[in-house]
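So in my numbering, the last one in the sequence shown is 207, and the numbering has no gaps at all. Every residue, glycine too, gets a C-beta built ideally from N, C-alpha and C. Single-structure report; data block below.
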Amino acid sequence: MILAVNPTRMELLKLKKRVKVAKRGHKLLKEKRDGLMREFMNIIKESKSLREQIEERLSSAFKKFIIASSMMTPETIGEALMSSKKKTSLSCAYKNIMGVRVPEFSFASEGDILSYGFLGTSGELDLSLKEFSSILEDLVKLAEIEKKAELLAEEIEKTRRRVNALEYVMIPNLEETVKYINMKLSEIERMNITTVMKVKELIQE
3 MILAVNPTRM
13 ELLKLKKRVK
23 VAKRGHKLLK
33 EKRDGLMREF
43 MNIIKESKSL
53 REQIEERLSS
63 AFKKFIIASS
73 MMTPETIGEA
83 LMSSKKKTSL
93 SCAYKNIMGV
103 RVPEFSFASE
113 GDILSYGFLG
123 TSGELDLSLK
133 EFSSILEDLV
143 KLAEIEKKAE
153 LLAEEIEKTR
163 RRVNALEYVM
173 IPNLEETVKY
183 INMKLSEIER
193 MNITTVMKVK
203 ELIQE
């Protein structure tokens, strides 16, 4: 689509500059999109691997807990769970990945999850609670990774749209307009030459 501009040499120079800037911007955005895609694929791979590990460990911990539940009364289990002295804290900082602000969680814990007496409790309960406790940090890590993936996916889509807008709309329109102005200026130049020649002929007569 030809832009609504005056076909002048000044306008032609401006448009040529805009074409250069648009092409440079297009190249940089493509590089950014490709870099984000590589980062995104690495994060997805990491997320998949960690999720599989967590699911496997959760399954193992639940099995142990079910065995413990079959050997203990609900009251004893409830008391054991309520007696835990373990405290956890979570903080969040942010870092920049190719212009995208992503979270980084820090997980800290202190105290023992097994704070109950061992009389009347099962060894399977101890094992299951230790396993659940160790999984918690990885769950936080998984949440961080998946949030990064979500934010990168959004930025990739935004960048892709901008690349397409430049590639398929803005740059072709600018180039078409440059071509149109060149054509118009050539026409004007030919008309001027014709006029000059006619004037010469009239003078010579």
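Check, Outcome
"Selection from Leu30, Tyr96 and Lys150 that minimises the alpha carbon distance to Ile46", "Lys150"
"Rounded separation between Lys160 and Arg35 - CA only", "9 Å"
"Beta-carbon proximity list for Leu129, same chain, < 6 Å, skipping 5 on both sides", "Lys66"
"Whether Val165 touches Lys32 by CB criterion (8 Å)", "yes"
"Lys2 to Pro105 span [Cα, whole Å]", "Here the chain covers residues 3 to 207 and nothing more, so residue 2 does not appear."
"Cβ neighbours of Cys2 in the same chain (closer than 8 Å, five flanking residues each side left out)", "The requested residue 2 does not occur in the structure, where the chain is confined to residues 3 to 207."
"Val21 versus Arg162: straight-line alpha-carbon distance, rounded", "19 Å"
"DSSP beta-bridge partners of Lys97", "Val104"
"Residues sharing a beta bridge with Thr90, DSSP", "Ser111"
"Residue span of the alpha helix (DSSP H) that contains Met84, given as start and end", "Pro76 to Met84"
"Among Thr10, Gly113, Leu5 and Ile4, the one whose alpha carbon lies nearest that of Ile190", "Thr10"
"Segment contact flag, the stretch 123 to 137 with the stretch 57 to 64, C-beta cutoff 8 Å, min 3 pairs", "yes"
"Span of the alpha helix (DSSP H), counted from its first residue to its last, around Asn166", "Gly125 to Ala167"
"Exposure of Glu54, with buried meaning 16 or more beta-carbon neighbours within 10 Å", "exposed"
"Ile158 versus Ile69 - alpha carbon distance", "47 Å"
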